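For reference, the structure discussed in these notes is given below.
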Amino acid sequence: MFQTFSFNHVLFLAQAGLWTLLLSCMALFGGAIFGALIMLARISLYAPLRFIAKAYIYVIQGTPLLVLLFIAYFGLAFAGYDVPALVAAGFAFTLYAAAFLGEIWRGSIEAIGKGQWEGAAAIGLNWPKTMRFVIVPQAVRVAIPPTVGFFVQLVKNTALASIIGFVELTRAGQIVANATYQPLSVYMTVAAMYFVICSCLSFVSRRLDEKFQNNGVHQPIT
Amino acid sequence: MLRVLKAAAVGLALVASAGVASAQNLLDDIIKRGTINVGISLGTPPFGLTNDKMEPDGYDVGLAKLIARDLGVKLNVVDTVASNRIPNLTSGKIDIAISSFSVTPERAKAIAFTNTVYVDQQVFLTSKDSTLTSLADLKGKKIGVTRSTTNDIAVTKRAVEGTLIQRYDDDASTSQALLAGQVEGIVTSGGLAAAFIQRNPNLAVKFVVASAPMSIGLRRNEADFMHWLNTAIFMAWTTGEIQELQKKWMGTVNTSLPTF
Numbered sequence: 002m003f004q005t006f007s008f009n010h011v012l013f014l015a016q017a018g019l020w021t022l023l024l025s026c027m028a029l030f031g032g033a034i035f036g037a038l039i040m041l042a043r044i045s046l047y048a049p050l051r052f053i054a055k056a057y058i059y060v061i062q063g064t065p066l067l068v069l070l071f072i073a074y075f076g077l078a079f080a081g082y083d084v085p086a087l088v089a090a091g092f093a094f095t096l097y098a099a100a101f102l103g104e105i106w107r108g109s110i111e112a113i114g115k116g117q118w119e120g121a122a123a124i125g126l127n128w129p130k131t132m133r134f135v136i137v138p139q140a141v142r143v144a145i146p147p148t149v150g151f152f153v154q155l156v157k158n159t160a161l162a163s164i165i166g167f168v169e170l171t172r173a174g175q176i177v178a179n180a181t182y183q184p185l186s187v188y189m190t191v192a193a194m195y196f197v198i199c200s201c202l203s204f205v206s207r208r209l210d211e212k213f214q215n216n217g218v219h220q221p222i223t
Numbered sequence: 026m027l028r029v030l031k032a033a034a035v036g037l038a039l040v041a042s043a044g045v046a047s048a049q050n051l052l053d054d055i056i057k058r059g060t061i062n063v064g065i066s067l068g069t070p071p072f073g074l075t076n077d078k079m080e081p082d083g084y085d086v087g088l089a090k091l092i093a094r095d096l097g098v099k100l101n102v103v104d105t106v107a108s109n110r111i112p113n114l115t116s117g118k119i120d121i122a123i124s125s126f127s128v129t130p131e132r133a134k135a136i137a138f139t140n141t142v143y144v145d146q147q148v149f150l151t152s153k154d155s156t157l158t159s160l161a162d163l164k165g166k167k168i169g170v171t172r173s174t175t176n177d178i179a180v181t182k183r184a185v186e187g188t189l190i191q192r193y194d195d196d197a198s199t200s201q202a203l204l205a206g207q208v209e210g211i212v213t214s215g216g217l218a219a220a221f222i223q224r225n226p227n228l229a230v231k232f233v234v235a236s237a238p239m240s241i242g243l244r245r246n247e248a249d250f251m252h253w254l255n256t257a258i259f260m261a262w263t264t265g266e267i268q269e270l271q272k273k274w275m276g277t278v279n280t281s282l283p284t285f
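Written out as structure tokens, the structure reads:
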């Protein structure tokens, strides 16, 4: 009944790895776009917007990702919407990533010295222009390491999507391990695949870091 | 404020019930749709697994194929971990669950069970030279079981006080814990234990914890479909197809299948 771990299994795992990659991309891009909106709302001049963003972050950060996945998948089904596992997982991960990215980026913005704002105001820049030309270019540099750290976490967290029947890399590993009973070699292969995905992310981040160090962005005056 | 909340709650309930009740007659719906969605855990050999062509296989898959054939529809296997069988059913993600699904009165409050398709034994699997031969011996010992399975329910109910039960998410992890020596023994299904001993001859079944009739799970209030499933099971047993599957995957054949 049990099979030996073979090339066929590796192909099956690689295929599941593509699903992990797709889900990660959905989470990264969805989270980045929505997270940017949350960040803007969080530093907005309007108190109600600030309050909504704060409440959102408070609720999502206080909810386990697993529960978010459950609500996105089964909750929507009970409400009469039949969403495929990939959509439900992408949705839950977007909500989750947005809350954390919004907070990380707000921190980066607020890390820029008050003098920069005052300087920008002194030369007559309005709020959007101050953000665009003075604050954000400096904040991006501060934000890169924690953002990439969170992205790498997110990629590994996609393993949780197996709970709603989404066969991604980890669940595929479980299935193959159960068919071969050679879990060590199976999970080593799975780990190698995660490593490749995550090290690609780290590589891009290093390149970005170097780019922002060298393109003549002014150092913040603190 | 309270009235608004109440109205919102009623509205939500209506939306929810509309979603679930949209299937007027599941049997007709499935035939019209041309596919049946069956929840099976593919990480639970010999019930559900993937074969060397990476296709779903196992006892439960074989049974699902019989049912799809008899219905004249295509089979769509939805990989369903043990703890998600009931939510997947009640939310309509799957039509039926054939997933080493043991019958319990507790579960029957949430979903309906057909007649039995296999009677399994829950056994205590440990190393050959272990001296643990009864539940009483397990006091103070660490034993492993897969979470939310009937193995879990059975051993949780029967274990003497002081038994340390370690729960894992799937059978591979549970058996791995045994092999790695993280637990003294595991409570698992007889079918899996037999296959496992074949692979690791230094393991042995020391005692039977409980016996578990397994059946097919479906949503409640589907009397028509329930009756059809029972008819299909009865016919597959009469023609000997169920016995064939049991012999192939479990190595043993039930003498009879209890009905209720």
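Read top to bottom, the protein sequences are chains A and B. Residue 42 in my numbering sits at position 41 of the first sequence; the count goes up by one each step and never skips. Residue 170 in my numbering sits at position 145 of the second sequence; the count goes up by one each step and never skips. We treat Cβ as the ideally placed atom computed from N, Cα and C, and that holds for glycine. Since this is a predicted model, take the numbers as computed values, not measurements.
Residue i to residue j, Cα distance in whole Å?
i: Q268 (chain B); j: N176 (chain B); result: 23 angstroms
i: I136 (chain B); j: S281 (chain B); result: 24 angstroms
i: T149 (chain B); j: T263 (chain B); result: Residue identity differs from the one stated: residue 149 (chain B) is Phe in this sequence, not Thr. Each residue's Cα considered, the two are about 32 angstroms apart.
i: V143 (chain A); j: A219 (chain B); result: 58 angstroms
i: T1 (chain B); j: R183 (chain B); result: Absent from the model: residue 1 (chain B). The displayed extent of chain B is 26 to 285, so no value can be given.
i: Q146 (chain B); j: L254 (chain B); result: 24 angstroms
i: E111 (chain A); j: A98 (chain A); result: 20 angstroms
i: I198 (chain A); j: S206 (chain A); result: 13 angstroms
i: G97 (chain B); j: Y74 (chain A); result: 29 angstroms
i: M189 (chain A); j: F196 (chain A); result: 10 angstroms
i: I165 (chain A); j: D154 (chain B); result: 40 angstroms
i: L87 (chain A); j: A192 (chain A); result: 22 angstroms
i: G63 (chain A); j: A56 (chain A); result: 11 angstroms
i: L69 (chain A); j: A123 (chain A); result: 46 angstroms
i: L46 (chain A); j: F204 (chain A); result: 37 angstroms
i: E186 (chain B); j: K231 (chain B); result: 20 angstroms
i: K130 (chain A); j: P147 (chain A); result: 25 angstroms
i: E131 (chain B); j: G206 (chain B); result: 33 angstroms
i: L24 (chain A); j: T158 (chain B); result: 47 angstroms
i: V208 (chain B); j: I44 (chain A); result: 52 angstroms
i: I105 (chain A); j: M194 (chain A); result: 28 angstroms
i: F250 (chain B); j: A257 (chain B); result: 10 angstroms
i: S214 (chain B); j: T171 (chain A); result: 24 angstroms
i: G114 (chain A); j: A121 (chain A); result: 12 angstroms
i: F285 (chain B); j: V102 (chain B); result: 27 angstroms
i: Q183 (chain A); j: T75 (chain B); result: 14 angstroms
i: L22 (chain A); j: G174 (chain A); result: 15 angstroms
Between residue i and the rest of its own chain, which residues show a CB-CB distance below 6 angstroms, the 5 nearest in sequence each way excluded?
i: Q4 (chain A); result: A180 and T181
i: W20 (chain A); result: E169
i: G81 (chain A); result: none
i: F72 (chain B); result: G83, Y84, D85 and S125
Can you find the residues in the same chain that come closer than 8 angstroms, C-beta to C-beta, to residue i, ignoring five residues on each side of it along the sequence?
i: L202 (chain A); result: V149, F152, V153 and V156
i: V84 (chain A); result: A73, Y74, L77, A78 and F92
i: Q271 (chain B); result: Y84, Y143, T277, V278 and N279
i: L126 (chain A); result: F134 and V135
i: G87 (chain B); result: L270, K273 and W274
i: V141 (chain A); result: S109 and F213
i: G165 (chain B); result: G187, T188 and L189
i: T151 (chain B); result: L157, L203, E209, G210, I211, L228, A229 and K231
i: R51 (chain A); result: A42, R43, I44 and S45
List the whole-angstrom C-beta distance separating residue i from residue j, where the pair is believed to meet the contact cut-off of C-beta under 8 angstroms.
i: I121 (chain B); j: I241 (chain B); result: 5 angstroms
i: N158 (chain A); j: L77 (chain A); result: Not really, about 20 angstroms apart at Cβ, beyond 8 angstroms.
i: F101 (chain A); j: A28 (chain A); result: Between A28 (chain A) and F101 (chain A) the Cβ distance is about 11 angstroms, and since that is not below 8 angstroms, they are no contact.
i: S127 (chain B); j: T105 (chain B); result: Not really, about 15 angstroms apart at Cβ, beyond 8 angstroms.
i: T181 (chain B); j: I190 (chain B); result: 6 angstroms
i: S186 (chain A); j: F6 (chain A); result: 5 angstroms
i: Y193 (chain B); j: G216 (chain B); result: Their Cβ separation, rounded to whole angstroms, is 18 angstroms, which puts Y193 (chain B) and G216 (chain B) out of contact at 8 angstroms.
i: N140 (chain B); j: G64 (chain B); result: Wrong, their Cβ atoms sit about 18 angstroms apart, outside the cutoff.
I'd like the list of long-range same chain contacts for residue i, defined as Cβ closer than 7 angstroms, with 5 residues on each side in sequence excluded.
i: G276 (chain B); result: A219
i: A93 (chain B); result: I61, K99 and L100
i: L161 (chain A); result: L66, L67 and L70
i: A33 (chain A); result: L102
i: G68 (chain B); result: D195, D196 and A197
Closer than 8 angstroms between beta carbons: that is the criterion. Which residues of the stretch 165 to 182 of chain A meet it against chain B? I165, G166, V168, R172, Q175, I176, V177, A178, N179, A180 and Y182
Residues of the stretch 10 to 34 of chain A whose Cβ lies closer than 7 angstroms to any Cβ of chain B, in chain order: F13
Just list the beta strand (DSSP E) runs in the stretch 82 to 158 of chain B, keeping only unbroken ones of 3 residues or longer that don't cross its boundaries, in chain order. 99 to 104 and 137 to 152
If you measure beta-carbon to beta-carbon, which residues of the stretch 62 to 79 of chain A are closer than 7 angstroms to chain B? F75, A78 and F79
Using a Cβ-Cβ cut-off of less than 7 angstroms, list which residues of the stretch 115 to 131 of chain B approach chain A; keep chain order. S116, G117 and K118
Can you list, in chain order, the residues of the stretch 68 to 95 of chain B whose Cβ is nearer than 8 angstroms to any Cβ on chain A? G68, T69, P70, P71, L74, T75, N76, D77, K78 and M79
Tell me which residues of the stretch 182 to 198 of chain B have at least one Cβ-Cβ distance to chain A shorter than 7 angstroms, keeping chain order. D195, D196 and A197
Runs of alpha helix (DSSP H) wholly within the stretch 116 to 148 of chain A (minimum 4 residues, chain order): none
Which whole runs of the beta strand (DSSP E) in the stretch 49 to 80 of chain B are 3 residues long or more, in chain order? 60 to 65
Residues of the stretch 205 to 225 of chain B with Cβ closer than 7 angstroms to any Cβ of chain A, in chain order: A220 and R224
Inside the stretch 14 to 63 of chain A only - beta strand (DSSP E) runs reaching at least 3 residues: none
According to a CB-to-CB cut-off of less than 9 angstroms, which residues of the stretch 102 to 116 of chain B neighbour chain A? V103, D104, T105, V106, S108, N109, P112, N113, T115 and S116
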